[in-house]
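Using my numbering, read the sequence shown as starting at 5 and increasing by one per residue.
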Amino acid sequence: MSEKELSSKKSEEESKTQDAKPEVLLTLIEHGSRPAVILLIGLFLVTWLFTVREPLFDVLRKAQTLKLGSFEVQLRENADSANLGPQLRALEGLSDEQLQLFLVVGKQRAHITYKGEEVTDKNLKKLQEVGLLAEVRPEPEGGFWWRVSEKGITLHNIIRTLIFSSIRRSAAP
């Protein structure tokens, strides 16, 4: 091969290499810019999260006590875990008087004499019907005798514990 041919071949190879460089650069810009931008945005978000980490964690810590309906959610979860879902749902059908009566008489203790206005045959029978009282009977000298069911005692304990916890949380600074 002559020098001319060698030099022309060499110049062709150089021009191909020079032409390939812009193509590679264009391809890199075209296909590599999106991942680079996503990476930069991700780094920005991580940096931003580190700057707001403490306030964000403070909000999340307080969310347990501030969330709307947390009492209801905890009550439902605790009742379901104790297999008291039907009894809890039955509370919805009780009147205010019947609910008050259950909160007074539902605690496990020795028999008490309670003569509030909500102690009526109808209210006691309704509590028995939904499974919160095991027995109800009138007493000869007037008034009523009742025995709280095991499910009633357990549900009362769950409700009482949640009420006390809510009061303590709301009273805390």
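Note that CB positions come from ideal geometry on N, CA and C, so glycine has one too.
Query - G110 versus D125, W150 and E76, residue with shortest Cα-Cα distance - result: Here residue 110 is taken as the residue at index 106 of the sequence shown, counted from 1. Nearest option by C-alpha distance: W150.
Query raised in the report: How do the stretch 44 to 62 and the stretch 134 to 142 stand: do at least 3 beta-carbon pairs fall below 8 Å, yes or no?
Result: no
Query - Pick from A114, T117 and P142 that is closest to K126, judged by C-alpha positions - result: By 1-based counting over the sequence shown, the position of residue 126 is 122. Looking at the Cα atoms, P142 is the closest of the given residues.
Requested in this report: For F182, count neighbouring Cβ atoms within 10 angstroms of its own Cβ and tell me buried if that reaches 16, exposed if not.
Outcome: It is not possible to answer for residue 182, since the shown part of the chain is limited to 5 through 177.
Report task. Pick helix, strand or coil for V50, following the three-state DSSP scheme. Result -> For this step, residue 50 is matched to residue 46 along the sequence shown. Three-state DSSP puts V50 in a helix.
**Report entry** Residue environment, V152, which counts as buried when at least 16 other CB atoms sit within 10 Å
**Finding:** Within the sequence shown, the letter at position 148 stands for residue 152. Buried, by the Cβ-count rule.
Query raised in the report: If we call anything under 8 Å between Cβ atoms a contact, is K130 one with L98?
Result: On the sequence shown, position 126 is the one that residue 130 refers to. On the sequence shown, position 94 is the one that residue 98 refers to. Against a cut-off of 8 Å, the Cβ pair of L98 and K130 comes out as a contact.
Report task. Would you mind stating whether V77 and L105 have Cβ atoms separated by less than 8 Å? Result -> Locating residue 77 in the sequence shown gives position 73, counting from the first residue. Locating residue 105 in the sequence shown gives position 101, counting from the first residue. In this structure, L105 does not lie closer than 8 Å to V77 by Cβ.
Query - Nearest-angstrom Cα separation, counted from H35 out to L44 - result: As a working mapping, residue 44 is identified with position 40 in the sequence shown. As a working mapping, residue 35 is identified with position 31 in the sequence shown. Taking the straight line from one Cα to the other gives about 15 Å.
Query raised in the report: Under a three-way DSSP split, which group does L29 fall into?
Result: In the sequence shown, the residue the question calls residue 29 occupies position 25. Note: L29 maps to helix in three-state DSSP.
Query - Collapsed DSSP secondary structure at V140 in the structure displayed - result: By one-based count along the sequence shown, residue 140 stands at place 136. Looking at V140 - three-state DSSP - the assignment turns out to be strand.
Query - Exposure of W52, with buried meaning 16 or more beta-carbon neighbours within 10 Å - result: Here residue 52 refers to the residue found at position 48 when the sequence shown is read from its first residue. Exposed: under 16 other Cβ atoms inside 10 Å.
Query - Residue range of the unbroken alpha helix (DSSP H) whose run includes V56 - result: Taking the sequence shown and counting its residues from 1, one reaches residue 56 at position 52. Taken as a continuous stretch (DSSP letters only), V56 belongs to no alpha helix (DSSP H), as it is neither H nor E.
Requested in this report: Go ahead and pull the three-state DSSP assignment for V134.
Outcome: Stepping through the sequence shown from its first residue, residue 134 is reached at position 130. Correct three-state label for V134: coil.
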